[in-house]
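**Q** This note's numbering numbers the first residue of the sequence shown as 3 and each following residue consecutively.
Would you mind keeping the following structure in view while I ask a few things?
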Amino acid sequence: MAMRFTLAAFILFVIMRVRGERIPFDRSSVSLYVTLAVLSFSIPFALVYWGEVYIGSGLAAILFAAHPFIVAAESHLFLPDERLNPFKIIGILLGFLGVLVIFWADLHVGGSSTGGMLAILVSSLMQGTALVIAKRKGVNISPNALSIGGMLFGIVILLGMALVFEDVSRVRLDQKGILSILYLAVFGTVIAFGTYYWLLKRVEAVYLSLIALVTPVLAVVLGSLWLQESLSPRIYSGAGLVLFGILIANGKDILSKVQSRRAGV
3 MAMRFTLAAF ILFVIMRVRG ERIPFDRSSV SLYVTLAVLS FSIPFALVYW
53 GEVYIGSGLA AILFAAHPFI VAAESHLFLP DERLNPFKII GILLGFLGVL
103 VIFWADLHVG GSSTGGMLAI LVSSLMQGTA LVIAKRKGVN ISPNALSIGG
153 MLFGIVILLG MALVFEDVSR VRLDQKGILS ILYLAVFGTV IAFGTYYWLL
203 KRVEAVYLSL IALVTPVLAV VLGSLWLQES LSPRIYSGAG LVLFGILIAN
253 GKDILSKVQS RRAGV
């Protein structure tokens with residue numbers, strides 16, 4: 003992770019230099035970067051990777067689908083313009099039910115799973131809190147600055163964790179490993195986080211959090227296309243529930259746009 007973020011931060015730095023963007027380093031900005039580093043760019047990743055050692059990917063997807071609930075609750079409390087409404091509540095519930103349907107057959111809970119389950123839930127809580135804080139505090143900071151600022155402090159935390167918990171002398175990088183890090187740095191970090199924070203400035207936090215419901219559906223679809231994995235009626239039903247839930251969650255905004263268009267006519 004530290005290598006991935008280091009490469010991504012370097013790429014972002016070059017992009018920002020070319021575009022003439024500056025990284026704010028006043029006290030409030032640095033405080034936000036450190037907060038994002040802790041809650042989004044370091045510990046949550048470690049918790050997910052550690053948790054998935056003890057639980058299956060299906061159960062992990064279901065647990066991380068709690069992310070929209072966390073963001074919805076915190077947005078209602080801390081973002082005055084993003085209050086809960088029946089559409090959001092019903093939509094999130096339907097989306098969560100869809101993820102549950104998709105991975106129901108993979109839902110195995112053993113006695114050794116408690117720690118792994120707790121790790122995934124804590125990671126989801128931390129990521130949700132980071133999203134709301136970034137929405138509230140990062141209004142005047144560019145998406146690229148939010149990304150690189152969080153990464154720089156996240157790298158320090160990740161390196162410290164690696165030195166304490168891992169045997170770094172055993173790290174070996176072959177061509178496949180280098181290409182994987184390069185791919186994750188460019189597509190999974192620079193583009194992903196840049197787009198994430200760009201969207202955060204334009205849509206409500208709870209809508210952005212619905213990505214946690216879409217990602218498992220995309221993973222299943224890509225598995226079908228590239229790995230020839232079969233799609234059962236249960237998976238189609240679950241995916242349909244997720245998409246319908248997202249549509250319902252946006253219901254209030256959709257209705258208001260329809261009404262404004264009718265009024266304009």
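The C-beta atom is built at its ideal place from N, Cα and C for all residues, glycine as well.
Since we're looking at a predicted model, the values are computed, not measured.
Can you tell me which of F15, L123 and F43 puts its alpha carbon nearest to the alpha carbon of E54?
**A** Taking only the C-alpha atoms, the option nearest E54 is L123.
**Q** Around the Cβ of F7, are there at least 16 other Cβ atoms within 10 angstroms (buried) or fewer (exposed)?
**A** Buried, by the Cβ-count rule.
**Q** From V32 to A107, what distance separates their C-alpha atoms?
**A** When rounded, the distance between both Cα atoms is 45 Å.
**Q** Taking contact to mean at least 3 C-beta pairs separated by less than 8 Å, is the region 80–88 in contact with the region 203–223?
**A** The region 80–88 is in contact with the region 203–223.
**Q** With a threshold of 8 Å, are at least 3 pairs of Cβ atoms found where one atom belongs to the region 115–134 and the other to the region 50–69?
**A** With the cut-off at 8 Å, the region 115–134 and the region 50–69 touch.
**Q** Using beta-carbon positions only, say whether Y199 and L160 come within less than 8 Å of one another.
**A** No, Cβ-Cβ distance for Y199 and L160 is not below 8 Å.
**Q** Under the rule that 16 or more other beta-carbon atoms within 10 Å means buried, what is I57, buried or exposed?
**A** I57 comes out buried.
**Q** Who are the Cβ neighbours of L184 in its own chain at under 8 Å, not counting the five residues just before and after it?
**A** Counting only Cβ-Cβ distances below 8 Å, and skipping sequence neighbours, we find L9.
**Q** Would P46 be called buried (16 or more neighbouring beta carbons within 10 Å of its own) or exposed?
**A** Under this definition P46 is a buried residue.
**Q** F43 and I250 look like a contact to me (Cβ under 8 Å); what is the Cβ gap, rounded to whole Å?
**A** Going by Cβ atoms, the distance from F43 to I250 rounds to 32 Å, so no, they are not a contact pair.
**Q** Can you tell me where the alpha helix (DSSP H) with L202 in it begins and where it stops?
**A** Here the alpha helix (DSSP H) through L202 covers A194 to L202.
**Q** Over the uninterrupted alpha helix (DSSP H) stretch that includes W228, give me the two end residues.
**A** Run containing W228: I213 to W228, per the alpha helix (DSSP H) assignment.
**Q** Candidates L245, I213, E23 and F71: which alpha carbon is nearest N142's?
**A** Per the Cα distances, E23.
**Q** What residues in its chain sit with their C-beta under 6 Å from that of K139, if we drop five residues either side in the sequence?
**A** So the list reads L34, once near-sequence residues are dropped.
**Q** Looking only at its own chain, which residues have a Cβ that is under 6 Å from the Cβ of F316, when we skip the five neighbours before and after it?
**A** Because the chain in this structure spans residues 3 to 267, residue 316 falls outside the shown range and cannot be described.
**Q** For V244 and M5, what's the separation of their Cα atoms in angstroms?
**A** Between V244 and M5, the C-alpha separation is close to 34 Å.
**Q** With DSSP run on the structure shown, which of helix, strand or coil describes N146?
**A** The answer is helix: DSSP assigns N146 an H, G or I state.
**Q** Report all residues from its chain with a CB closer than 6 Å to the CB of G240; omit the five preceding and five following residues, and keep chain order.
**A** The answer, listed in chain order, is G100, V103 and I104.
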